[in-house]
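Asker:
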Amino acid sequence: MKNYLLKNLSYVKDNKEEFVRGAHLAHERFMFTYGKPFNQMSSTWFYRYYNITTLTFGLPLYFKLFVDLQKIIREYANNDDPLWYQSWLNFHDQNEVLDWHSHPDCLFHGYISIDPKDTETEFKNYSITNEIGNLYIGDAGLVHRVNVLSPFEGARITIAFDVQNEDNLRKNAKNDIDVNTGFMPVPIWK
Numbered sequence: 025m026k027n028y029l030l031k032n033l034s035y036v037k038d039n040k041e042e043f044v045r046g047a048h049l050a051h052e053r054f055m056f057t058y059g060k061p062f063n064q065m066s067s068t069w070f071y072r073y074y075n076i077t078t079l080t081f082g083l084p085l086y087f088k089l090f091v092d093l094q095k096i097i098r099e100y101a102n103n104d105d106p107l108w109y110q111s112w113l114n115f116h117d118q119n120e121v122l123d124w125h126s127h128p129d130c131l132f133h134g135y136i137s138i139d140p141k142d143t144e145t146e147f148k149n150y151s152i153t154n155e156i157g158n159l160y161i162g163d164a165g166l167v168h169r170v171n172v173l174s175p176f177e178g179a180r181i182t183i184a185f186d187v188q189n190e191d192n193l194r195k196n197a198k199n200d201i202d203v204n205t206g207f208m209p210v211p212i213w214k
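Last residue of the sequence shown: 214 in the numbering used here, with the numbers rising by one and none dropped.
Structure, rendered in structure tokens:
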């Protein structure tokens with residue numbers, strides 16, 4: 025049973041260098057704002073406290089990307105209920121790619137491949153070949169990891185995101201899970 029949606033945003037591949045430059049700028053903005061006071065903390069592990077949407081302010085292609093992301097979240101959710109999303113920058117060298125993990129406190133999880141290098145995202149029952157422009161969204165509770173298929177230099181760049189709804193937020197609040205300040209509303213697109 026396919027429990028995910030995979031789309032390719034061709035304009036990401038068509039404008040790869042601009043997207044990569046934008047990701048580097050966002051990473052520099054992150055390090056200036058958060059990295060120095062928090063001992064050079066990774067943009068991945070600091071995901072709870074920012075949204076990369078704000079770090080790409082002023083970059084028209086990223087504006088288009090985040091509008092499309094919000095529309096695809098609505099498509100996948102298939103409802104007009106209140107939803108919120110957070111998104112963060114994964115900016116990893118070959119030795120930093122993510123091992124087995126999940127996002128159990130969220131409704132949906134996904135990622136967008138900006139410069140994924142030669143990698144795949146492995147889930148317990150399937151794998152996704154990471155290609156430039158791929159946007160994956162699925163159940164947040166699925167355990168997954170990144171596999172490096174061939175050695176690479178430089179940064180592997182993806183934008184990850186989580187989605188919440190009211191019921192999930194209430195459930196998490198009852199369990200004393202702290203509020204994630206990186207969430208932003210997902211508009212209803214008609």
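Cβ coordinates follow ideal geometry from the N, Cα and C atoms, glycine included. These numbers were taken from a predicted model, which means no experiment stands behind them.
Measure the C-alpha to C-alpha separation of L30 and D117 and round it to an integer number of angstroms.
Answerer: Here residue 30 refers to the residue found at position 6 of the sequence shown. Here residue 117 refers to the residue found at position 93 of the sequence shown. Using only the alpha carbons, I get a separation of about 25 Å.
Asker: DSSP has G134 in a bridge; who is on the other side?
Answerer: For the purposes of this step, residue 134 is taken as the residue at position 110 of the sequence shown. In the DSSP output, where bridge partners are listed per residue, G134 has I161, F185.
Asker: Distance, Cα to Cα, N114 vs K214?
Answerer: Numbered from 1 along the sequence shown, position 90 holds the residue referred to as residue 114. Numbered from 1 along the sequence shown, position 190 holds the residue referred to as residue 214. C-alpha separation (whole angstroms): 31 Å.
Asker: From D191 to L131, what distance separates their C-alpha atoms?
Answerer: The sequence position of residue 191 within the sequence shown is 167, counting from 1. The sequence position of residue 131 within the sequence shown is 107, counting from 1. Computed Cα separation, rounded: 9 Å.
Asker: Among the residues of its own chain, which have a CB less than 6 Å from the CB of G165, if the five just before and after it don't count?
Answerer: Translated into the one-based positions of the sequence shown, residue 165 becomes position 141. Excluding its 5 nearest sequence neighbours in each direction, G165 has C-beta neighbours in its own chain below 6 Å: S126, P128, listed in chain order.
Asker: Compute the Euclidean distance between the alpha carbons of T101 and K195, then round it to the nearest angstrom.
Answerer: If you number the sequence shown from 1, residue 101 lands on position 77. If you number the sequence shown from 1, residue 195 lands on position 171. The question names Thr, but residue 101 is Ala in the sequence shown. Distance between the alpha carbons of A101 and K195: 19 Å.
Asker: Could you compute how far the alpha carbon of W108 sits from the alpha carbon of G162?
Answerer: The residue labelled residue 108 in the question sits at position 84 within the sequence shown. The residue labelled residue 162 in the question sits at position 138 within the sequence shown. W108 and G162: Cα-Cα distance of roughly 15 Å.
Asker: Quick check: the stretch 86-94 against the stretch 143-157, are at least 3 beta-carbon pairs closer than 8 Å?
Answerer: no
Asker: From what residue to what residue does the alpha helix (DSSP H) around T80 run?
Answerer: Within the sequence shown, numbered from 1, the residue matching residue 80 stands at position 56. No alpha helix (DSSP H) contains T80, which DSSP labels as neither H nor E.
Asker: Assign S34 to one of three DSSP states: helix, strand, or coil.
Answerer: On the sequence shown, position 10 is the one that residue 34 refers to. Helix.
Asker: Are the beta-carbon atoms of S174 and D142 separated by less than 9 Å?
Answerer: Here residue 174 corresponds to residue number 150 of the sequence shown, with the count starting at 1. Here residue 142 corresponds to residue number 118 of the sequence shown, with the count starting at 1. It is a contact, given that the beta carbons lie within the stated cut-off.
Asker: With L89 and I152 assumed to form a contact (beta carbons below 8 Å), what rounded beta-carbon distance in angstroms separates them?
Answerer: Locating residue 89 in the sequence shown gives position 65, where the first residue counts as 1. Locating residue 152 in the sequence shown gives position 128, where the first residue counts as 1. Not really, about 18 Å apart at Cβ, beyond 8 Å.
Asker: Between the alpha carbons of R110 and T182, how many angstroms are there, rounded?
Answerer: Numbered from its first residue, the sequence shown carries residue 110 at position 86. Numbered from its first residue, the sequence shown carries residue 182 at position 158. According to the sequence as given, residue 110 is Gln; it is not Arg. Each residue's Cα considered, the two are about 14 Å apart.
Asker: Spell out the partners DSSP gives S111 in its beta bridges.
Answerer: Locating residue 111 in the sequence shown gives position 87, counting from the first residue. According to DSSP, which records beta bridges pairwise, S111 is partnered with F185.
Asker: Taking buried to mean at least 16 other C-beta atoms within 10 Å of its own C-beta, is I138 buried or exposed?
Answerer: Here residue 138 refers to the residue found at position 114 of the sequence shown. By the neighbour-count definition (other C-beta atoms within 10 Å, threshold 16), I138 is a buried residue.
Asker: Who are H168's beta bridge partners in DSSP?
Answerer: Stepping through the sequence shown from its first residue, residue 168 is reached at position 144. Answer by DSSP bridge pairing, in chain order: H125, F147.
Asker: On the three-state DSSP scale, how would you describe I152?
Answerer: To locate residue 152, count along the sequence shown from 1; it is residue 128. Strand at I152.
Asker: What number of angstroms, rounded off, separates the C-alpha of L83 from the C-alpha of K37?
Answerer: Locating residue 83 in the sequence shown gives position 59, where the first residue counts as 1. Locating residue 37 in the sequence shown gives position 13, where the first residue counts as 1. Those two C-alpha atoms are separated by around 16 Å.
Asker: Considering only residues of the same chain and omitting the five flanking positions on each side of F43, which have a CB-CB separation below 7 Å?
Answerer: Against the sequence shown, residue 43 aligns to sequence position 19. Closer than 7 Å at Cβ, skipping near neighbours: V36, L85, I138.
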